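Asks: Numbering (the working numbering), first residue to last: 53 to 421.
Idealized CB from N, CA, C, for every residue including glycine.
Just so you know, these numbers come straight off a predicted model, no measurement behind them.
Structure in structure tokens, see below.
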Amino acid sequence: MIKSWDYQNEYKYLQKDILKSINNVLKSGNLFFGDELKKFEKNFLKINNSKYGIAVASGTDAIYLSLKALNIGVNDEVITVANTAIPTVSAIRNTGATIKFVDTQQDYLMDPNKIEKSISKKTKAIIPVHLYGQSCEMEKIIKITKKHKIKIIEDCAQAQGATFKKKKVGTFGVTGCFSFYPTKILGAYGDGGFITTNDKKVYKKLRRLRLYGMEQIDPSKWWNKKYFAVENGTNSRLSEIQAAILNIKIKYLNNFIKKRREIAKMYSEEIINPEIIKPLENKNNFHVYHLYVVAHKNRELILKRMKKNNISLDIQYPYPIHKMLAYKNSIYKNLQNSEKFSKKIFSLPIYPMIEKSKVKKIINILNKI
Ligand SMILES: Cc1ncc(COP(=O)(O)O)c(C=O)c1O
53 MIKSWDYQNE YKYLQKDILK SINNVLKSGN LFFGDELKKF EKNFLKINNS
103 KYGIAVASGT DAIYLSLKAL NIGVNDEVIT VANTAIPTVS AIRNTGATIK
153 FVDTQQDYLM DPNKIEKSIS KKTKAIIPVH LYGQSCEMEK IIKITKKHKI
203 KIIEDCAQAQ GATFKKKKVG TFGVTGCFSF YPTKILGAYG DGGFITTNDK
253 KVYKKLRRLR LYGMEQIDPS KWWNKKYFAV ENGTNSRLSE IQAAILNIKI
303 KYLNNFIKKR REIAKMYSEE IINPEIIKPL ENKNNFHVYH LYVVAHKNRE
353 LILKRMKKNN ISLDIQYPYP IHKMLAYKNS IYKNLQNSEK FSKKIFSLPI
403 YPMIEKSKVK KIINILNKI
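Printed below as a string of structure tokens:
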């Protein structure tokens, strides 16, 4: 059986270190806001070239809390794309703001040429999604947002380590929102997320929002004014156990990205079936290949053939968000590409420790279809 994603090889490789660090956490008597979290926040900010930031409970929370930190809510509009993971938009909806969709271009990323027409007086923010592991066209997006004075919150959940013109994703907007869901480029063995920012005021607010609205004046002593909320917040903690696991995995990050790119290169070079449309890697981008998404006019045929060969493929994503019951009252005009792509795309297995023989097998089947 070839799974669309699997962490067992990776765990075998890291098992000794991971078990040791979990044991150390449990023995420390500190399950939250301890040394592992402090170390991880420092390490993560360093590799992502950001001044400030906090670890949170998930990528969804990272987006939601970013919106809250910018005081976005009822009567405001937030622009994003319809071909994304549900959490990008559930985070917007949970603030009470209205979701506005723009269409995507051939590389599956937000079409910058469609943004300006959908900006209104109510538009407060835009969430470009660096989908599948490569950056949106940030120069064009920044130009538009500056002109209209709207904020950028980057959804970097799928793009840890990706760059646009050699600049890391997550450093273009007011905040960068990352996910440590296990399948992600830097994955925990549970949920987790991170918000990066270079804005001290936003950072301070985010810290309060993460922990019930309380002021954490000195994190090493917990907080001076204990159990006193200065504003309404929530609970979005990353546990010491997950931080400890991430502290180990972050050491392998560059190597794991390299391995993902090697697998992507195999698919790109060795799939020669002209009916399989391979992903575009934009020349300004360093693509980290969270997903290797291809398209075919008869997706059902491919899925069936793969199933027969014990290979499970995933589809990210089969429904554009505006077609979902929960979000059908969002604002949008023409989302022709998002709709068209959702019917044809599917994702080939890609993760750092997938055996090359499995990749070859998939390529062979695709070439014979
Ligand atoms: C594009 C995108 N945004 C946001 C998220 C949310 O992250 P999480 O699952 O950690 O809440 C994900 C992950 O599922 C994602 O792929």
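Indicate, with yes or no, if ligand 2 has a heavy atom lying under 7 Å from the CB of Gln-210.
Replies: The model depicted lacks ligand 2 and carries ligand 1 instead.
Asks: Can you list, in chain order, the residues of its chain with a C-beta nearer than 7 Å to that of Asn-362? Leave out the 5 residues immediately preceding and following it.
Replies: Hits under 7 Å: Met-53, Ile-54.
Asks: Hey, would you say the C-beta of Thr-197 is under 7 Å away from at least one heavy atom of ligand 1?
Replies: Answer for Thr-197: no, Cβ out of range of ligand 1.
Asks: Between Gly-86 and the rest of its own chain, which residues show a CB-CB distance below 6 Å, the 5 nearest in sequence each way excluded?
Replies: So the qualifying residues of the chain are Glu-292.
Asks: Could you check whether Gly-105 and Thr-248 sit closer than 8 Å to each other, using their CB atoms as the reference points?
Replies: Yes. Within cutoff.
Asks: Mind checking whether the beta-carbon of Ala-137 lies closer than 7 Å to any heavy atom of ligand 1?
Replies: Checking the Cβ of Ala-137 against ligand 1 gives yes.
Asks: Have a look at Ile-70, Lys-412, Ile-131 and flag the residue whose alpha-carbon is nearest the alpha-carbon of Ala-240.
Replies: For the residues Ile-70, Lys-412, Ile-131, the minimum Cα distance to Ala-240 belongs to Ile-70.
Asks: Are the CB atoms of Ile-167 and Ile-196 nearer to each other than 8 Å?
Replies: Contact: yes.
Asks: So what's Phe-232 in DSSP terms, helix, strand or just coil?
Replies: Looking at Phe-232 - three-state DSSP - the assignment turns out to be coil, as it is neither helix nor strand.
Asks: Where does Lys-203 sit, in a helix, a strand or coil, going by DSSP?
Replies: Strand.
Asks: For the stretch 115-122 against the stretch 223-233, do three or more pairs of beta-carbon atoms, one drawn from each stretch, fall closer than 8 Å, so that the two count as touching?
Replies: With the cut-off at 8 Å, the stretch 115-122 and the stretch 223-233 touch.
Asks: For Pro-404 and Lys-311, what's the separation of their Cα atoms in angstroms?
Replies: Each residue's Cα considered, the two are about 5 Å apart.
Asks: Closer than 7 Å: is that where the CB of Ser-231 sits relative to any heavy atom of ligand 1?
Replies: Yes - ligand 1 has a heavy atom lying nearer than 7 Å to the Cβ of Ser-231.
Asks: Could I get the ranges of all uninterrupted beta strand (DSSP E) runs contained in the stretch 314-364, with 3 residues as the minimum, in chain order?
Replies: Qualifying beta strand (DSSP E) stretches, in chain order: 344-347.
Asks: Sorted by chain position, which residues of the same chain lie with C-beta nearer than 6 Å to Tyr-264's C-beta, five sequence neighbours on each side aside?
Replies: These residues qualify, in order along the chain: Ala-281, Gly-285.
Asks: Taking 8 Å as the threshold (C-beta atoms), are Ser-172 and Val-221 in contact?
Replies: No, these two residues do not count as a Cβ contact at 8 Å.
Asks: Give me the DSSP bridge partner(s) of Asp-366.
Replies: Partner(s): Ser-399.
Asks: Let me check understanding here. Comparing Cα to Cα, which of Phe-393, Lys-72, Ile-421 lies closest to Ile-323?
Replies: Closest option to Ile-323, Cα to Cα, is Ile-421.
Asks: Where are the alpha helix (DSSP H) runs, 4 residues long or more, that stay fully inside the stretch 246-318, in chain order?
Replies: With a minimum length of 4 residues, the continuous alpha helix (DSSP H) runs that stay inside the stretch 246-318 are 252-262, 292-301.
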